[in-house]
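Per the numbering used here: the sequence shown = residues 15 to 146. Okay, so here's the structure we're looking at.
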Amino acid sequence: MTDRGLVDLTELLRGLEPVRRPGEYVMVSTNSEVSLPCQASVVEDEGTSLVLERHTADAFRLDYPAVFAWITLTVHSSLAAVGLTSAVAAALAAHGIPCNVLAGFHHDHLLVPADRVEEALAALAELSASAA
Numbered sequence: 015m016t017d018r019g020l021v022d023l024t025e026l027l028r029g030l031e032p033v034r035r036p037g038e039y040v041m042v043s044t045n046s047e048v049s050l051p052c053q054a055s056v057v058e059d060e061g062t063s064l065v066l067e068r069h070t071a072d073a074f075r076l077d078y079p080a081v082f083a084w085i086t087l088t089v090h091s092s093l094a095a096v097g098l099t100s101a102v103a104a105a106l107a108a109h110g111i112p113c114n115v116l117a118g119f120h121h122d123h124l125l126v127p128a129d130r131v132e133e134a135l136a137a138l139a140e141l142s143a144s145a146a
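Right, dumping it as structure tokens:
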């Protein structure tokens with residue numbers, strides 16, 4: 015499969031079009047061999063980090079440090095694009111909003127505190143408008 019995403023930072027920022035994915039999400043770390051229905055995973059030396067829907071974590075009685083909203087940047091970013099993550103992180107940081115970025119093949123995804131998702135969406139809209 016060919017990566018045909020955008021690489022120009024100005025085009026990427028103009029086309030961010032952030033969309034909130036429904037639901038609430040949490041991140042846990044596990045060394046368990048039990049397969050959990052996760053939305054994303056990262057294997058680390060210390061364990062496997064899983065992004066789960068909150069109700070799934072609650073059903074399995076898993077502890078989690080925070081509850082997140084999931085924002086997808088619907089612009090098709092290339093895996094070779096430079097600066098998008100930095101620009102998005104800086105825009106959110108300027109508003110004091112923490113963000114965890116997950117890069118997919120077609121899109122970038124952001125986990126932000128659930129109680130600050132509207133502020134995050136506004137900051138991203140402001141960033142996109144400033145590139146227009």
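Where is the CB? At the ideal position from N, CA and C, for every residue including glycine.
- Per DSSP, the beta-bridge partners of His123 are Thr86 and Leu116.
- According to the DSSP assignment, Val102 belongs to the alpha helix (DSSP H) that extends over Leu98 to Ala107.
- The beta carbons of Asp122 and Leu87 sit about 5 Å from each other, so the pair counts as a contact at 8 Å.
- Considered as a whole, the region 48–92 harbours 54–58, 61–67 and 82–87 as its complete beta strand (DSSP E) runs of no fewer than 3 residues, in chain order.
- In summary, Pro51 is exposed, with fewer than 16 beta-carbon neighbours lying within 10 Å of its beta-carbon over all protein chains present.
- Between the alpha carbons of Ser49 and Met41 lies a distance of about 15 Å.
- With contacts defined as CB atoms closer than 9 Å, Gly29 and Leu23 fail to qualify as a contacting pair.
- Residue pairing from DSSP places Arg35 in a beta bridge opposite Trp84.
- Beta-bridge analysis with DSSP links Ser43 to Ser63.
- If you compare the alpha carbons of Thr44, Ala54, Glu132 and Val56 with that of Val33, the shortest gap goes to Glu132.
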